[in-house]
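Be aware that the sequence shown starts at 1, since it is given in the UniProt record's numbering, and climbs by one per residue. Below is one structure, written out as structure tokens, with a few remarks after it.
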Amino acid sequence: MLASSVATALAQNTSINTSKLLPGQNAYYLDKDGERVDSKDSAQIVRVFNGYDSVAHLYDLSEYDIKSGQRIMIGRSSSGYPLSLEGSCVSFYVNGKRKSVISYKKGYPTGNGSFYYPNGKPYQILLYNDIKTLGKLYKSMDYIPESERQNIIASYDTTGKQMVIDGKGHFVGYSDDFKLIEQEGDVENGKRVGKWQGQLSNYTYTEQYNNGKLISGVSTDAEGLQHPYDKFRTNADYPTGLTDLYAFIGQTVRYPIADRKNNVQGKVFITFIISEDGTLHNLICLRAPSYDMADETIRVLKLSPKWKPSLVRGIPAKQVFTLPVSFTLSR
1 MLASSVATAL AQNTSINTSK LLPGQNAYYL DKDGERVDSK DSAQIVRVFN
51 GYDSVAHLYD LSEYDIKSGQ RIMIGRSSSG YPLSLEGSCV SFYVNGKRKS
101 VISYKKGYPT GNGSFYYPNG KPYQILLYND IKTLGKLYKS MDYIPESERQ
151 NIIASYDTTG KQMVIDGKGH FVGYSDDFKL IEQEGDVENG KRVGKWQGQL
201 SNYTYTEQYN NGKLISGVST DAEGLQHPYD KFRTNADYPT GLTDLYAFIG
251 QTVRYPIADR KNNVQGKVFI TFIISEDGTL HNLICLRAPS YDMADETIRV
301 LKLSPKWKPS LVRGIPAKQV FTLPVSFTLS R
């Protein structure tokens, strides 16, 4: 059952005029990957905050497709950016049909998630495993591969024929526009087994699974080069490690004069994107004791050398990173 606030939102307007958003409005733009951008010209989505529930401490929000103005998501979040979704979240295709219904807890999917084709027919049902339990097995939530975050309960082809029944069968997963088969393989007890393969915009791959665990994989990029791997993702990192990053920050940062005078101390939290070539961009302050500290932290991070990029299936990929930086005055 949908949360009452989400159910109410379903009955509200399903489109907006995105050209009439005002600078001071509680909204911001996102690119096709859901990353925040400053200009509407480089955006595909606008995220609008409709209100705040002071009892539940949650924001009500909607997302709209820039081009059509159609609503493509409604939900609730405990934070403004990045989101930490809570409760039922419903997404839509631009034709107005439901795309998915997923429940969230502390920003992570939980329980059964239902997905649909653009024609409204069922596409797949996934069971999201307990993220807290999985988190104990990995040093970071980002390390948990998709194959272990979720079990495949049911899957249907475009005609409505069920291909995976009660966690057993042959699964076919498509790209968002349904033009590419991104993943395909056999399923037993909801888990991937044997050979899986797929195609994305810039590479193809084959993988071997045992009871849902990735054993090995090989991706082939657009130039025909092969990239063997045994982890779905490796995280981006500073060239010589985070210890050296903090040493670089400590040597480069200049304590803001006004903050030093007023004994302002605390942590600055900056989120940014590490691109495929290791450069940093889209640096945004999530919170800070002062504007000057936020600006100084961003200035220093922009001076850092290129990072080692994240690898997805052995191929460089962009990754969002959040970094805390402490400002402390010596006594």
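Positions of the beta carbon are idealized from the N, C-alpha and C atoms, including for glycine.
By the 16-neighbour rule on beta-carbons within 10 angstroms, proline 228 is exposed. Under a 10 Å Cβ-count criterion, glycine 113 is classified as buried, with 16 or more other Cβ atoms of the shown protein chains found around its own Cβ. For isoleucine 215, the enclosing beta strand (DSSP E) starts and ends at 213-221.
In the three-state reduction of the DSSP assignment, aspartate 41 falls in the helix class. Bounds of any alpha helix (DSSP H) do not take in arginine 76; it lies within the beta strand (DSSP E) bounded by 71-77.
Proline 118 is positioned such that its CB atom lies closer than 7 angstroms to that of tyrosine 93. Residue environment: isoleucine 181 is assigned as exposed (fewer than 16 neighbouring CB atoms within 10 Å of its CB, all protein chains considered).
According to the DSSP assignment, phenylalanine 248 belongs to no beta strand (DSSP E) but to the alpha helix (DSSP H) extending over 242-252. Only buried fits aspartate 60, as 16 or more other CB atoms lie within 10 angstroms of its CB. Apart from the 5 residues on each side of it in sequence, isoleucine 274 sits with its Cβ closer than 7 angstroms to the Cβ of Ala236, Leu280, Trp307, Pro309, Ser310, Lys318, Gln319, Phe321 in its chain, given in chain order. Boundaries of the beta strand (DSSP E) harbouring threonine 204: 203-210, taken from the DSSP string. Looking only at Lys40, Ala27, Gln44, the smallest Cα-Cα distance to glycine 34 is reached by Gln44.
Cβ contact annotation for valine 37 (same chain, cutoff 6 angstroms, sequence separation greater than five): Tyr29, Asp31, Ala43, in chain order. Linking phenylalanine 171 to leucine 126 through their CA atoms gives a straight-line distance of about 12 angstroms.
According to DSSP, lysine 195 shares a beta bridge with Gln208.
Between tyrosine 104 and the set Leu303, Ile74, Gly190, Phe272, the nearest pair of CA atoms involves Ile74.
Where tyrosine 291 is concerned, the enclosing alpha helix (DSSP H) starts and stops at 291-302.
For the 7 angstroms CB-CB criterion, glutamate 188 and lysine 168 form a contact. Of the residues assessed, proline 109 falls on the buried side of the cut-off, its CB having 16 or more other CB atoms within 10 angstroms. Looking at Arg71, Tyr81, Gly173, Leu85, the one whose alpha-carbon comes closest to that of lysine 97 is Arg71. For glutamate 146, the uninterrupted alpha helix (DSSP H) run begins and ends at 146-149, by DSSP.
In the three-state reduction of the DSSP assignment, arginine 47 falls in the strand class, which pools E and B. Judged by DSSP in its simplified three-state form, alanine 236 adopts coil rather than helix or strand.
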